[in-house]
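Residue numbers (the numbering used here): 2 to 100.
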Amino acid sequence: MASLVGRLSRAFFIRNTATPSRNTGPKSVNVTGPSFIRTAVSTTTGAVLPKPVKVPFGLTRMFIVVVPFLYVGNLISKNFAALLEEHEIFVPDDDDDDD
2 MASLVGRLSR AFFIRNTATP SRNTGPKSVN VTGPSFIRTA VSTTTGAVLP
52 KPVKVPFGLT RMFIVVVPFL YVGNLISKNF AALLEEHEIF VPDDDDDDD
């Protein structure tokens, strides 16, 4: 079923996209549906755009993003484990220590 959906969607997108080619002059392309022509690396005349400005991704920025989400994930999992134990859905056994 999934392969059938994949084949149908691939056939739909192939049929409804224009093939990218060199820009030799003003042409009109009669394509119905979405047109996936990439113009991010060149201008309409065909010139290559300069490299974009690279923003350094420092260690500080990484911690600013990672630490709050780890903390929020920790709080959610701790509260959900307490909820499961309160409703006796999952209660960890203390019999695992057979020393």
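The C-beta atom is built at its ideal place from N, Cα and C for all residues, glycine as well.
Going straight from the alpha carbon of residue 78 to that of residue 53, what length do you get?
Along the sequence shown, one-based indexing puts residue 78 at 77. Along the sequence shown, one-based indexing puts residue 53 at 52. Residue 78 and residue 53: Cα-Cα distance of roughly 40 Å.
Which same chain residues, not among the five before or five after residue 86, have their C-beta less than 6 Å away from its C-beta?
Along the sequence shown, read from residue 1 onward, the residue named residue 86 stands at position 85. Same-chain partners within the cutoff: 92.
Return helix, strand or coil for residue 49, following the three-state DSSP convention.
Walking along the sequence shown from the start, residue 49 turns up at place 48. If DSSP states are grouped into helix, strand and coil, residue 49 belongs with the strands.
For residue 49, the nearest candidate out of 55, 56, 41 (CA to CA)
For this step, residue 49 is matched to residue 48 along the sequence shown. Answer by Cα proximity: 41.
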